[in-house]
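Participant: Below are the structure tokens for one structure; questions will follow.
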DNA sequence: GCATTATAAGTGAACGCTCACTCACAACAA
DNA sequence: TTGTTGTGAGTGAGCGTTCACTTATAATGC
């Protein structure tokens, strides 16, 4: 039998690019097939539907990223080290695969309500990191939801700025600055 | 002649709600007409196309918001006062008309490339406020693009958190906290 | 080695359906 | 009457999806 893994990979790559640049609804299966150099029908050998392609692309990668963040938490003992490593990971992810990062963290808000398990959610991982730091007295106590989103804003918005050409790449060069900003905001 | 202004207002209101909750592409003209209590054809008495409705809704309101922010800059002499008033304005806007705020600042990224005049762009207004403060020595000098986006992240991401139910409304109650966070980040 | 068989991968014209948009007409106000 | 607003069945382009068919390759028996 023939090996379709290369085709699948090409579909992934082109789908991400088009979904991010044009939007999911604005990308037709015809567009996608043409960009990937395959026939329309071929896409349905690999995915049940356009929608399942979108969902698979989102959920699997979202889960993996959340698990990477979780692994970082376990690897570092205290809050400043965890924060620094987490932010570096965000920056590295953006620089390595900007389309995937944008798809997961900046554009696919519609998919978020379908994510069920909290452990597979990057936002949840960050909030848990903050709650843990508050319990240990490493940062000042206040609304964890607010603190998590302040922190998240300091990471995600620079990524947006980079997308719009308001900030020079790579994002990683600002990792240390962003980390310091987070620590100041959380009054460490 | 008959007065269509009430109809136009109803279209605005329902369109915003559906565009934000479902997405622009996922909202059909039929949906819209039904929600607004009018026939499909009536929508075309007021707008050339669905697309022109989206663009009109975005550009006119985007412009007005940018001008309100500009007015605030002129009203306050120094950076801390400007920042505080600007952030309060963001929060008030979100609390007053969450659908419009979300449409302009959180979901309609696709429309941004079409905005031409810099003066009618909220992001640009904030960046200019920062550049001005750097020149006066009110805050530490560094990349204005990065600084503007760090600040913006501290305002927009809490709004996102509120949308997802991770933060309790109203947003205005956090205005002071967010302002303080901005000042810390900018090392005032 | 060399046929034979099995099966997954790839194809693209065709299909049913939904969509944004149109238009002939009605209702209303000036 | 005259111009504006409202109507909703009608239209055709474009969408996601299907399916009968072809092609490539792995597995099997000789």
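Chains as they are written, first to last, in the numbering used here: chain A, 28 to 215; chain B, 28 to 215.
Note that the Cβ used here is the ideal one computed from N, Cα and C, for glycine as well.
Bear in mind the structure is a predicted one, so any value in this text is a computation, not a measurement.
In whole angstroms, give me the CA-to-CA distance for residue 104 of chain A and residue 60 of chain B.
Facilitator: Numbered from its first residue, the first chain carries residue 104 of chain A at position 77. Numbered from its first residue, the second chain carries residue 60 of chain B at position 33. Approximately 57 Å, taken between the alpha carbons.
Participant: Quick check on DSSP: helix, strand or coil for residue 103 of chain B?
Facilitator: Taking the first residue of the second chain as position 1, residue 103 of chain B is located at position 76. Residue 103 of chain B: coil per DSSP, three-state reduction.
Participant: Going along chain A in order, which residues have a C-beta closer than 9 Å to the C-beta of residue 148 of chain B?
Facilitator: Taking the second chain and counting its residues from 1, one reaches residue 148 of chain B at position 121. Near residue 148 of chain B there are no residues of chain A at all, since even the closest Cβ is about 11 Å away, more than 9 Å.
Participant: Counting beta carbon pairs with one atom in the stretch 179 to 196 of chain A and one in the stretch 161 to 170 of chain A, are three or more of them shorter than 8 Å?
Facilitator: The stretch 161 to 170 of chain A, when compared against the stretch 179 to 196 of chain A, does not touch it at the 8 Å Cβ threshold.
Participant: If you draw a straight line from the C-alpha of residue 112 of chain B to the C-alpha of residue 99 of chain B, how long is it?
Facilitator: Here the question's residue 112 of chain B lines up with position 85 in the second chain. Here the question's residue 99 of chain B lines up with position 72 in the second chain. The alpha-carbon atoms of residue 112 of chain B and residue 99 of chain B are separated by roughly 7 Å.
Participant: Determine whether the Cβ of residue 170 of chain B lies closer than 8 Å to any Cβ atom of chain A.
Facilitator: In the second chain, counting from the first residue as 1, residue 170 of chain B sits at position 143. Yes, its Cβ sits closer than 8 Å to a Cβ of chain A.
Participant: From the DSSP output, in three-state form, read off residue 66 of chain B for me.
Facilitator: For the purposes of this step, residue 66 of chain B is taken as residue 39 along the second chain, with counting starting at 1. Three-state result, residue 66 of chain B: coil.
Participant: Let me confirm a value: residue 43 of chain B is counted as buried when at least 16 other C-beta atoms fall within 10 Å, else exposed. Which label applies?
Facilitator: Indexing the second chain from 1 puts residue 43 of chain B at position 16. Classification for residue 43 of chain B: buried.
Participant: Residues in its own chain within less than 6 Å of residue 89 of chain A by CB, not counting five upstream and five downstream?
Facilitator: Stepping through the first chain from its first residue, residue 89 of chain A is reached at position 62. Only 131 meet the Cβ criterion.
Participant: For residue 210 of chain B, which residues from the same chain have a beta carbon less than 8 Å from its beta carbon, with the 5 sequence-adjacent residues on both sides left out?
Facilitator: Counting from one through the second chain, the residue named residue 210 of chain B turns up at place 183. These residues qualify, in order along the chain: 107, 110.
Participant: Quick one, are the C-beta atoms of residue 114 of chain A and residue 205 of chain A less than 8 Å apart?
Facilitator: Looking up residue 114 of chain A in the first chain gives position 87. Looking up residue 205 of chain A in the first chain gives position 178. Yes, Cβ-Cβ distance for residue 114 of chain A and residue 205 of chain A is below 8 Å.
Participant: May I have the straight-line CA-CA distance separating residue 145 of chain A from residue 161 of chain B, to the nearest angstrom?
Facilitator: Residue mapping note: residue 145 of chain A aligns to position 118 of the first chain, counting from 1. Residue mapping note: residue 161 of chain B aligns to position 134 of the second chain, counting from 1. Between residue 145 of chain A and residue 161 of chain B, the C-alpha separation is close to 42 Å.
Participant: Taking C-beta to C-beta, are residue 208 of chain A and residue 181 of chain A nearer than 8 Å?
Facilitator: Here residue 208 of chain A refers to the residue found at position 181 when the first chain is read from its first residue. Here residue 181 of chain A refers to the residue found at position 154 when the first chain is read from its first residue. Yes.
Participant: Can you give me the Cβ contacts of residue 51 of chain B inside the same chain, cut-off strictly under 6 Å, excluding the 5 residues immediately before and after it?
Facilitator: Counted from its first residue, the second chain places residue 51 of chain B at position 24. 81, listed in sequence order.
Participant: With a Cβ-Cβ cutoff of 8 Å, do residue 47 of chain A and residue 212 of chain B count as a contact?
Facilitator: Counted from its first residue, the first chain places residue 47 of chain A at position 20. Counted from its first residue, the second chain places residue 212 of chain B at position 185. No. Outside cutoff.
Participant: Just to confirm before moving on: does the CB-CB distance between residue 118 of chain A and residue 179 of chain A stay below 8 Å?
Facilitator: Within the first chain, residue 118 of chain A is the residue found at index 91, counting from 1. Within the first chain, residue 179 of chain A is the residue found at index 152, counting from 1. Cβ distance not < 8 Å, so residue 118 of chain A and residue 179 of chain A don't count as in contact.
Participant: If we count the other Cβ atoms within 10 Å of its Cβ and call it buried at 16 or more, is residue 149 of chain A buried or exposed?
Facilitator: By one-based count along the first chain, residue 149 of chain A stands at place 122. When all chains shown are included, residue 149 of chain A counts as buried.
Participant: Would DSSP call residue 4 of chain B helix, strand or coil?
Facilitator: A query on residue 4 of chain B cannot be resolved here, the shown segment of chain B reaching from 28 to 215 and no further.
Participant: Below 7 Å between beta carbons is the criterion; list the residues of the stretch 178 to 190 of chain A that meet it against any residue of chain B, in chain order.
Facilitator: Within the stretch 178 to 190 of chain A, the qualifying residues are 179, 180, 181, 183, 184, 185, 187, 188.
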